[in-house]
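Have a look at the structure below, then the notes.
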Amino acid sequence: MELRRFLFLQGPPGPFFALLAERLRREGCETLRVNLNGGDAADWPGTATAWRGRAEDWSAFVRAFMADRGVTDLLVFGDCRPLHLAAHGEAARLGIRIHVLEEGYVRPHWMTLERDGVNGRSRLPQDPAAIRALARDLPSLPQGLPPVTASFGRRLRDTLRHYTHAVLRAPAYPFHRSHRPGLLALEALAWARKLLLARRNRRRAERVLRRTEPGSYFLFPLQLGSDYQIRAHSPFASMEAAAEEVIASFARTAPSDARLLVKEHPLDTRWRSWRTALARMAGRHGVAGRVTHLSGGDLATLAAGSRGVVVVNSTSATFALDAGVPVAVLGSAVYAIPGLVHRGPLDAFWRAPVPPDMELWAALLRVLHARCLVRGGIASRSAVEMLVDNVTARLLAASPKVPA
1 MELRRFLFLQ GPPGPFFALL AERLRREGCE TLRVNLNGGD AADWPGTATA
51 WRGRAEDWSA FVRAFMADRG VTDLLVFGDC RPLHLAAHGE AARLGIRIHV
101 LEEGYVRPHW MTLERDGVNG RSRLPQDPAA IRALARDLPS LPQGLPPVTA
151 SFGRRLRDTL RHYTHAVLRA PAYPFHRSHR PGLLALEALA WARKLLLARR
201 NRRRAERVLR RTEPGSYFLF PLQLGSDYQI RAHSPFASME AAAEEVIASF
251 ARTAPSDARL LVKEHPLDTR WRSWRTALAR MAGRHGVAGR VTHLSGGDLA
301 TLAAGSRGVV VVNSTSATFA LDAGVPVAVL GSAVYAIPGL VHRGPLDAFW
351 RAPVPPDMEL WAALLRVLHA RCLVRGGIAS RSAVEMLVDN VTARLLAASP
401 KVPA
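The sequence shown runs 1 to 404 under my numbering.
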C-alpha cells in the first residue's frame, strides 16, 4: 500500500490545516509543511520548514523539497497565489497529486476540494449536455443535514491573528511578499477597525432593509478586490471598475422603478469607504437615489427577494440560483453555463432577466457534490472538525465518484 506523504503550503488563516495534518497522520500518512511567513508559523504549531528565500529561487527549492522527501500529494488553499502556482507546476512535472481547497462553490455549509485546480482552472465541464450526462447516475442530494455553524467574530479573530504574526515576525521572512496587494500592517489594522465597526454597520444595514420591499431591487454583491477571482478570472482590473460598469449599465437600461442594492463583502478590509465610492459613481451616472450600499444583511434572503442578481463570478450567485432568481455573470465561474445564467450584454439583463433552468441547476449540484464539495467550514470549531473529517475522507478515497 502506498505511503501518502502530504506537503502543506498556505491554508486559510486559522487552525484548519494543522488539524487536517494531525488527522492524516493518525490515518497513517506523513505530513510536511513549508511556512512562507510569520502568519503561517502561528497557524502551524508543529514541525515545519521556513522558506526565507527570494521568489525567483522558490521553484527550484520546492521542486527539490518535494523530490527529496518523496512527496506524493500537494495541498494548497487557492491555486493562483504566485508561490502556489509555481509549486503546482513543479508538482505536476513530478507526477505529484495536487489538491486545491477553496471557499465553497455552493454556499453556505460547503468548501471546495478539487484535483489540479479550482474556479477558472477547474476541470468541470461547462456544457449543459455534459453536465446532464455526468449527473444522470448520481444520487439525489443529501437532505436534512445539520447546518454548519459559523461565527463572523471567529473568522475575524483568526484572520487578524494571522496577519498580526505576519507583521511581527516579518524579520524572520525578509523576502516574503504577500499575495494580497497592500501592506500587511495596514491589513491587520483594517481587520481591527472592521471588528470595531461591525455593530454600527449591522444597525445601518438593518435600517436600509426595513425600508426595502421584496421585488423592488436588483442585487450586486461585491467581491474582494484582492481575490484572484477578480485579479485572474475576470475582465476587470479592480472591483471598483466592475462596480462602475454595473452602475453605468443599470443607469442606462434598468426599469425606472428598480433600485440597485450593492452589498459589501463581509471580509472586505479596504480603507476607502465603499459607501462613499458607490455614492459618487451613482451620482456620475444620474441614479443617486436608486443605488444603495449595504454592509450587512442575509445574502440568501436578499437574493431570493430580488428581481435578479449581478455578479462578477462570486459564489453568492448560488443563493439566487437556489431560489430560481435570474443571474448575470460578468467573469469566469463554474456555474456560468448556458441555461443557468445570463452571459450577454448586461444592458439586456435589467429589462428581461431570465430565470435559471432549475433541472440543469439540480444536475450541476449533483455533480458538484459528488466531485468537489466537502461539508464543513472554517468559522467555528464544529465546522472545522466536520471539514477535517470530510476532507480526510475525500483525500484518502480510492477513486473519485465522477470521472475526471
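C-beta atoms are modelled at their ideal positions from N, C-alpha and C, and glycine is treated no differently.
Distance check between P45 and each of L196, A64 and A21 places A21 closest, using alpha-carbon atoms only. The beta carbon of L124 lies closer than 6 Å to those of V334 in the same chain, with the five residues before and after it left out.
A straight-line Cα-Cα distance of about 37 Å links Y173 and V311. Ranked by how close their Cα comes to the Cα of R272, the residues V291, M239 and F17 have M239 in first place. Of the candidates D79, G89 and L94, the residue whose Cα lies closest to the Cα of V71 is L94. When DSSP states are grouped into helix, strand and coil, R154 belongs to the helix group.
Separation of A379 and S151 (C-alpha to C-alpha, rounded to the nearest whole angstrom) is 5 Å. Between F61 and T31 the beta-carbon gap is near 19 Å, outside 8 Å, which marks them as no contact.
Distance between H233 and A64, taken at the CA atoms: about 30 Å.
Put simply, the backbone Cα of A300 is about 20 Å away from that of H369. No residue range can be given for F175, since it is assigned to no alpha helix (DSSP H) and is classified by DSSP as neither H nor E. Looking at the backbone, the Cα of R200 and that of T269 are separated by about 15 Å. For M111, the beta-bridge partners assigned by DSSP are E103 and V374. Secondary structure of A232 (DSSP, three-state): coil. The Cβ-Cβ distance between D158 and G14 falls below 8 Å. Collapsing the DSSP output to three states places D43 in a helix. For L321, the closest alpha carbon among the candidates D347, A397, P353 and T292 is that of P353.
Contact between the region 129-140 and the region 346-364 is established, with three or more Cβ pairs separated by less than 8 Å. In this structure, T253 lies away from R107, with their beta-carbon atoms at least 8 Å apart.
Assigned with DSSP and collapsed to three states, G283 falls in helix. In this structure, F218 sits near L260, with a CB-CB distance shorter than 8 Å. Shown here for G104: same chain residues with a beta carbon closer than 6 Å to its own, the five before and five after excluded, namely W110, M111 and T112 in chain order. Put simply, the backbone Cα of S178 is about 13 Å away from that of R52. For the region 251-328, the full-length beta strand (DSSP E) segments reaching 3 residues or more read 259-263, 291-294 and 308-311 along the chain. V34: member of the beta strand (DSSP E) spanning E30 to N35, first to last residue.
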